[in-house]
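Peer 1: First the structure, which I've put down as structure tokens, then a few questions once you've had a look.
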Amino acid sequence: RADGTPGISLNVEAVPRVKTPLVPNAVHAAFLHTGSPHHVEWVDSASVLDGLDLAQAALPARHHSDYNPGGCNVNVVAKEGKHLHIRTFERGVEAETLSCGTGVVAAALADMAREDASAGRHARHVMARGGQLEVEATRQAEGTFQDVWLFGAARRVFRGTWAWALAFLALWSHPAMAGDLADQLTESARVSVLTASPGADLYAAFGHTAIRVFDPEVRLDYVFNYGTFVVDEGFYVRFVKGRMDYRLGVERYGRFQNLYLRQGRALHEQVLNLAPEDVKAMAEYLEWNAQPENATYAYDFFRDNCATKVIAVLEEVFGDRYDAGCVPTDSTYLEALRPYTAGNPWSAWGMELILGAEASTAMPDCGHSFLPDVLAYQIDAMTLDGQPLAFEREVVYPHQGSWHAGLPEGDSGRQVPVYLMWGWAAWMALVLRMAYRGAGWKRWGRRVSVAVTALVSALMATLFALMALATDHNDTWWNADLIWALGGWGVIWVAVRRSQGVRHEDMRLERKVATVWTMLAMGSVYIVPVWRSGLGCGESIVWASVGACLAVVFAVWTSLAPKVR
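Here the sequence shown stands for residues 47 to 611, where the numbers follow this note's numbering.
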């Protein structure tokens, strides 16, 4: 779910069947098969449920002739509002179990069938002895259920290894990575940097980088991947706040490369020109870094990601022997992103809008290496002890189609945000004219147009402000787009003033503020980007923001216009 709570989907086709109560003091009973058979009974209160001798009370239903030959699980519930308290007697275990997922779902669906006569989406909170769960389902008109989900907290109880499986892998496959990885390596071992081309999804739009350790003599082949993360409880909250924890993951090379083969993405490899002792030094460091207590790091999209980690590892392992070959640049992070986002125009414009001044300043030396593609070219300039660090690049898989994802260069679809925003600006210019000359239906259209523009603009301003003030995303701070987006709140302010009976003639201060704001707003979407990023007049992505800004400006002045005669 959006809040990070894990869940599973269940395919439940049966309809709950009403049964005769068999548990003492029960008031209702039903049966439902949710992957395993469940007999559900209701008692009056949680206190009755707590005082129940479940092992004895469940036996009549557990072995009832209706459920022969295998018998049935027995669930006893007490309802309080939309909450259910549940205890489960599990067949096979032949005792009470603290929590049974299919039993919780059976009880929740049976209660929905009993209480919620209407079709639609329903939910139940279920308190089991093992913790709280939630069931959501859509009830159809004929009484069946679809889109059934069970949500609840999850945690690792223990971790183990099957000894026979480990022995099998040791004999017939690559040796499992254990302690002292470097000691397993022979002089044939090598380290290489893998670069994957951009993918279709936004999170993969910039490509990927990983480090490979390969030894053909002992059939050892691992990929060390700094781009892994775990979606656990609170993940999305941390993501929004800018507190992303990534970790170094380790996987077999075959699994890693097959992912990019299936996606049709290119995979390039640059084998590093290292002596055997240097290969072992890198392997030792990577193995240490992959330990659970060392693997997690604070992710920063521009400064600490899967690509920049390669430079960090090389600096840590080789120290002064290593030279990254960095050269100064006047390019900005925002400019570096544009070739990768241009094919997805809405994502491209969204990044232009949300990123602040820091993303529009010149990058430090090697700063552009946060992009896997650029890092691959940078590796060609790196040296170790004065010698080239890497051999010539090898193509594992060629790319299919365009290197960058999304619409191809020259496709008119790349300009859709520009067309729409300028179309909206043209409409709001007409609305401004209607504010002085319109009447009847035009007055209604004017009010709706101004209200919609103000609402969207105010929401954007709130988002920009929150990203600057309430998160650790320092690259969203000092966002010049906040200036023009504040116009939405200006419209709301004028509307409040008018509702208080303030006349047009008495809004001289508001009109003066609007004049200054208009000049600042127009400067924020063109003068500031040109000044900070060196954008030319033909940079199309700028014009989408200009169109949106003009629409808001026209909305502000429309709200300040005198009432129509």
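Just so it is clear, CB atoms sit at the ideal spot from N, CA and C, and this is done for glycine as well.
#1: Using 10 angstroms around the beta-carbon of L558, count the other beta-carbons present and answer buried if the total reaches 16, otherwise exposed.
#2: Report the partner residues of R170 according to the DSSP bridge assignment.
#3: Distance, Cα to Cα, A601 vs M474?
#4: Would G177 and A199 be called neighbours here (beta carbons separated by less than 8 Å)?
#5: Quick one: give me the first and last residue of the beta strand (DSSP E) that P83 is part of.
#6: CB F191 to CB V58, shorter than 8 Å?
#7: Going by C-alpha distance, which of D90, V69, Y113 and A92 is nearest L78?
#8: Mind checking which residues open and close the beta strand (DSSP E) that includes R439?
#9: Tell me the DSSP bridge mates of G533?
#10: With respect to the beta strand (DSSP E) encompassing K128, which residues constitute its N-terminal and C-terminal limits?
#11: How do the segment 324–336 and the segment 438–449 stand: do at least 3 beta-carbon pairs fall below 8 Å, yes or no?
#12: Taking R265 as part of the beta strand (DSSP E), name the residues at either end of that continuous run.
#13: What does the alpha-carbon distance come out to for the pair L294 and L68?
#14: Determine the direct distance from the alpha carbon of D346 to that of A224, and round the result to whole angstroms.
#15: Report the partner residues of N617 according to the DSSP bridge assignment.
#16: Spatial neighbours of L56 within its chain, please: C-beta separation below 7 Å, excluding the five flanking residues on both sides.
#17: V269: which of G533, L332, T517 and V464 sits nearest, CA to CA?
#18: When you compare only the Cα positions, how much space is there between L227 and A235?
#19: Please list, in chain order, all residues of the same chain as H109 whose beta carbon is under 8 Å from its beta carbon, the five residues on each side excluded.
#20: What do you get for E512, buried or exposed, if any count of 16 or more other CB atoms within 10 angstroms of its CB means buried?
#21: Which class does Y345 belong to by DSSP, given the choice of helix, strand or coil?
#22: Measure the Cβ-Cβ separation of I132 and A101 and say whether it is below 8 Å.
#23: I'd like the list of long-range same chain contacts for L435, defined as Cβ closer than 7 Å, with 5 residues on each side in sequence excluded.
#24: If we count Cβ pairs, one from each stretch, closer than 8 Å, do we get three or more for the segment 406–426 versus the segment 290–305?
#25: I need the DSSP call for G147, collapsed to helix, strand or coil.
#26: What are the uninterrupted segments assigned as beta strand (DSSP E) that are 3 or more residues long and contained completely in the segment 299–365, given in chain order?
#27: Which two residues bound the contiguous alpha helix (DSSP H) that contains S55?
#28: At 4 residues or longer, and completely inside the segment 220–249: list those alpha helix (DSSP H) runs for me, N to C.
#29: If L305 and S393 are in contact, beta carbons under 8 Å, what's the gap, nearest whole angstrom?
#30: At what residues does the alpha helix (DSSP H) containing D193 begin and finish?
#31: Does the segment 407–415 come close enough to the segment 352–360 that 3 or more CB-CB pairs lie under 8 Å?
#32: How big is the Cα-Cα spacing for P385 and E398?
#33: Given this structure, state the Cα-to-Cα distance separating S579 from F348, to the nearest angstrom.
#34: Would you kindly check if the distance between the Cβ of A242 and the Cβ of P313 is under 8 Å?
#35: Could you spell out the range, first to last residue, of the beta strand (DSSP E) harbouring R201?
#36: In angstroms with no decimal places, state the Cα-to-Cα distance between L555 and T561.
Peer 2: The answer reads as follows:
#1: As a first step, residue 558 is located in the sequence shown; it is residue number 512 there, counting from the start. The question names Leu, but residue 558 in the sequence shown is Lys. It counts as exposed.
#2: Locating residue 170 in the sequence shown gives position 124, counting from the first residue. Beta-bridge pairing links R170 to V181.
#3: As a position in the sequence shown, residue 601 is number 555, starting the count at 1. As a position in the sequence shown, residue 474 is number 428, starting the count at 1. Cα to Cα, the separation comes out at about 7 Å.
#4: Taking the sequence shown and counting its residues from 1, one reaches residue 177 at position 131. Taking the sequence shown and counting its residues from 1, one reaches residue 199 at position 153. Yes, the Cβ-Cβ distance between G177 and A199 is below 8 Å.
#5: Position 37 of the sequence shown, counted from the first residue, corresponds to residue 83. Element bounds for P83: P83 to V89.
#6: Here the question's residue 191 lines up with position 145 in the sequence shown. Here the question's residue 58 lines up with position 12 in the sequence shown. It is a contact, given that the beta carbons lie within the stated cut-off.
#7: On the sequence shown, residue 78 is found 32 positions in, with the first residue counted as 1. When each option's Cα is compared against that of L78, the closest is Y113.
#8: Counted from its first residue, the sequence shown places residue 439 at position 393. Run containing R439: none; DSSP gives neither H nor E here.
#9: For the purposes of this step, residue 533 is taken as the residue at position 487 of the sequence shown. Paired residue(s): none; G533 is not in a bridge.
#10: By one-based count along the sequence shown, residue 128 stands at place 82. Neither: K128 is in no beta strand (DSSP E) and is coded neither H nor E.
#11: no
#12: Here residue 265 is taken as the residue at index 219 of the sequence shown, counted from 1. Note, R265: premise wrong, no beta strand (DSSP E); not H, not E.
#13: Here residue 294 corresponds to residue number 248 of the sequence shown, with the count starting at 1. Here residue 68 corresponds to residue number 22 of the sequence shown, with the count starting at 1. Each residue's alpha carbon lies about 55 Å from the other.
#14: Residue mapping note: residue 224 aligns to position 178 of the sequence shown, counting from 1. Residue mapping note: residue 346 aligns to position 300 of the sequence shown, counting from 1. Because A224 carries a pLDDT of 48, less than 50, the predicted location of this residue cannot be relied on, and the following value inherits that uncertainty. Going from the Cα of A224 to the Cα of D346 covers about 30 Å.
#15: A question about residue 617 goes unanswered here, because the residues of the chain that appear run from 47 up to 611.
#16: To locate residue 56, count along the sequence shown from 1; it is residue 10. Here the set comprises T80, G81, V151, V194 and L196.
#17: As a position in the sequence shown, residue 269 is number 223, starting the count at 1. Measuring from the Cα of V269, the nearest candidate turns out to be L332.
#18: Numbered from 1 along the sequence shown, position 181 holds the residue referred to as residue 227. Numbered from 1 along the sequence shown, position 189 holds the residue referred to as residue 235. Taking the straight line from one Cα to the other gives about 11 Å.
#19: Sequence index remark: in the sequence shown, residue 109 carries index 63 (1-based). G117.
#20: In the sequence shown, the residue the question calls residue 512 occupies position 466. Here residue 512 turns out to be Leu, not Glu, going by the sequence shown. Exposed, by the Cβ-count rule.
#21: As a working mapping, residue 345 is identified with position 299 in the sequence shown. Y345: coil per DSSP, three-state reduction.
#22: By 1-based counting over the sequence shown, the position of residue 132 is 86. By 1-based counting over the sequence shown, the position of residue 101 is 55. In this structure, A101 does not lie closer than 8 Å to I132 by Cβ.
#23: Counting from one through the sequence shown, the residue named residue 435 turns up at place 389. Here the set comprises L318, N319, I425, M428 and T429.
#24: no
#25: Counted from its first residue, the sequence shown places residue 147 at position 101. In the structure shown, G147 sits in a helix (DSSP, three-state: H, G or I).
#26: 313–317 and 342–344
#27: Sequence index remark: in the sequence shown, residue 55 carries index 9 (1-based). Careful: S55 lies outside any alpha helix (DSSP H), inside the beta strand (DSSP E) at G53 to L56.
#28: 227–230
#29: Taking the first residue of the sequence shown as 1, we reach residue 305 at position 259. Taking the first residue of the sequence shown as 1, we reach residue 393 at position 347. Their Cβ separation, rounded to whole angstroms, is 22 Å, which puts L305 and S393 out of contact at 8 Å.
#30: As a first step, residue 193 must be located in the sequence shown, where it is residue number 147. Note, D193: premise wrong, no alpha helix (DSSP H); beta strand (DSSP E) at F191 to G198.
#31: yes
#32: Here residue 385 corresponds to residue number 339 of the sequence shown, with the count starting at 1. Here residue 398 corresponds to residue number 352 of the sequence shown, with the count starting at 1. Roughly 13 Å separates the two Cα atoms.
#33: Numbered from 1 along the sequence shown, position 533 holds the residue referred to as residue 579. Numbered from 1 along the sequence shown, position 302 holds the residue referred to as residue 348. With a pLDDT of 48 at S579, under the threshold of 50, the modelled position of that residue is not reliable, and the figure given next carries that caveat. Cα-Cα distance, rounded: 17 Å.
#34: For this step, residue 313 is matched to residue 267 along the sequence shown. For this step, residue 242 is matched to residue 196 along the sequence shown. It should be noted that the sequence gives Leu, not Pro, for residue 313. Cβ atoms of L313 and A242: closer than 8 Å.
#35: Along the sequence shown, one-based indexing puts residue 201 at 155. Where R201 is concerned, there is no enclosing beta strand (DSSP E), given that its DSSP letter is neither H nor E.
#36: Your numbering for residue 555 matches position 509 in the sequence shown. Your numbering for residue 561 matches position 515 in the sequence shown. Each residue's alpha carbon lies about 10 Å from the other.
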